[in-house]
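2 protein chains.
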Amino acid sequence: MLATETVENYLKAIYLLQREAAADEAPMGKIAAALGVTAGTATSMVKKLVAAKLARHERFGGVRLTAKGTRAALDILRRHRLVETFLVDTLGLDWSVVHDEAERLEHAISPMVLDALDRHLGRPAFDPHGDPIPRADGALQESEAMPMSELGSGDAARLVRVLDQRGDSLRFLRASGLKVGATLRVVAIEPGAGVMRIRPDGGSIVSMSTTAAARVLVRPTRDRH
Amino acid sequence: MLATETVENYLKAIYLLQREAAADEAPMGKIAAALGVTAGTATSMVKKLVAAKLARHERFGGVRLTAKGTRAALDILRRHRLVETFLVDTLGLDWSVVHDEAERLEHAISPMVLDALDRHLGRPAFDPHGDPIPRADGALQESEAMPMSELGSGDAARLVRVLDQRGDSLRFLRASGLKVGATLRVVAIEPGAGVMRIRPDGGSIVSMSTTAAARVLVRPTRDRH
DNA sequence: ACCTAGAGTTTGAGTCGTCAAACTCATGCG
DNA sequence: CGCATGAGTTTGACGACTCAAACTCTAGGT
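Chains as they are written, first to last, in this note's numbering: chain A, 186 to 410; chain B, 186 to 410.
As structure tokens, then:
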């Protein structure tokens, strides 16, 4: 716990924005939006992160974490994802609600409790959304996977990860039978409408926008159609 | 979560001090000490509690919670004690460390997680220290028990509750075989030295001060000596 | 090249919880 | 009975985090 709770939230947000941004830099505006804060607030907090050698930033440029900042962010991410896993696996909560709960709990977990939790869960490598759980030493192995939107018509695949954490997206996926580990097949693609039609194994066909499908990651399976 | 984390801590501290004080009032100085804060800070925070109708207080007098404040305190205590139970029963942590851990976690537990936790633990009535866990509706049944210091020489009893939360006290008790549920017998009392000698069932004789023994609660058992 | 729209920054102010230090009250010792 | 002592209160200040609003820079279109 090197930092205050607020600092932890900034580190985590910047880390995640850096991953998803092309330039490997987090834009100030997105940081502010991620934290539900005005741009001015974000600017001044980033200034503090820079002073603490957790981030680098130059006026009107993007923000990127230092090695120290990245390490801290991975630690927070580890707490977050282990807590999510606990809430789903041990307490039986629905994956559509655990993100927000973990958001609060992650700051209250000591290293000792974290390790006990990790042991209790069997040292899992992935959380319920398929996100990799950083290890205690900061190692993080991303699973290789492609966006579902890049599958072709008729392709079969296994769902390995859901990037969206919004509750309604997750409820939709669960209701459709599209959960992590499920296999599925692309029935049809309608580029004009920007929609693809998917059939999860043992479920009925669902339509989803290609933008939504882009945030679901899959690994193609050998097609024994 | 009607209140801020700090307010929750004040409510819990006042509640517990009120129980243990004869006058059913929490002295300002003890509130400050319990929270590790100066007296001035405690005074101004209590003023805020009064404004929120959570407590009553008149200048230079003691503090007591209103019905609303008591209800809130019981809710916090429920969270605290369920978390402690979880840390010991599910994660296997030692009871000498869980108090401080629970202190942090109790503020981050939502009603939903709390209920799932309660269900997972089998809706326990007591925490690992033998303290009663308030129910969701605020009901609290204290178990009847007497201080071990009031036992006579030769008396047998079952240990039902440990009031002290300090880590070293708990480690001493555990090391001596004096845990909640254990049966024991008073071997000798030396009033001059203020010491009593106890033999836990299946353990060897230990000495402890009567003041320490006063903070261990027991229920006498039929003596089939 | 300009100039404007949008992104980012600065400034001034406010809230929350805290402290130190000056002050006030209540009481029991002598 | 008075007054010193200790408990409690007030005051002024500060650090962390935030906002609104004024300001500044960058980049893209014409």
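The beta carbon of each residue, even a glycine, is placed where N, CA and C say it ideally should be.
In this text the structure is predicted, and so the values were computed from the model without any measurement.
- Task: Name the two residues that bound the continuous beta strand (DSSP E) containing E375(B).
- Result: T368 to E375
- R382(A) - partner residues in DSSP beta bridges: A373(A) and S392(A)
- Taking only runs that begin and end inside the stretch 295-365 of chain A, name each unbroken beta strand (DSSP E) of 3 or more residues, in chain order. 341-347
- Item | Simplified DSSP state of A413(A), which is helix, strand or coil | One cannot answer for residue 413(A) here, as it falls past the ends of chain A, which runs 186 to 410.
- Query: Would a C-beta distance cut-off of 9 Å place V248(B) and I216(B) closer than the cut-off?
  - Reply: yes
- Task: Answer yes if the stretch 266-282 of chain A comes into contact with the stretch 298-314 of chain A, meaning at least three C-beta pairs across the two stretches below 8 Å, and no otherwise.
- Result: yes
- Message: Once DSSP output is grouped into helix, strand and coil, what is the label at V222(B)?
- Response: coil
- Check the Cβ-Cβ distances between H292(A) and every residue of chain B, and say whether any is below 9 Å. yes
- Query: Considering only C-alpha positions, which residue in the set Q350(B), D353(B) and E335(B) is nearest to A373(B)?
  - Reply: E335(B)
- Comparing alpha-carbon positions, which option in I390(B), A378(B), A330(B) and K253(B) lies nearest P405(B)? A330(B)
- Starting from R404(A), follow its DSSP beta bridges and name the residues at the other end. R343(A)
- Message: Buried or exposed for S229(B), going by 16 or more other Cβ atoms inside 10 Å?
- Response: exposed
- How many Å lie between G210(B) and L262(B) at the Cα? Gly is not the amino acid found at residue 210(B); the sequence shown has Glu there. Spanning the two alpha carbons is a distance of roughly 18 Å.
- Q350(A): buried (16+ other C-beta within 10 angstroms of its C-beta) or exposed? buried
- Message: Considering only DSSP beta bridges, list what R249(A) is partnered with.
- Response: R241(A)
- Task: Answer with buried or exposed for K238(B), where buried requires no fewer than 16 other C-beta atoms within 10 angstroms of its C-beta.
- Result: exposed
- Residues in the stretch 263-293 of chain A with C-beta within 8 Å of chain B's C-beta atoms, listed in sequence order? L272, T275, L276, G277, L278, V282, E286, R289, L290, H292 and A293
- Message: Classify K232(A): buried if its beta carbon has 16 or more other beta carbons within 10 angstroms, exposed otherwise.
- Response: exposed
- Message: Per DSSP, what are the beta-bridge partners of A211(B) in this structure?
- Response: V248(B)
- Message: Less than 9 Å between CB atoms is the rule here; does L355(A) satisfy it with respect to chain B?
- Response: no
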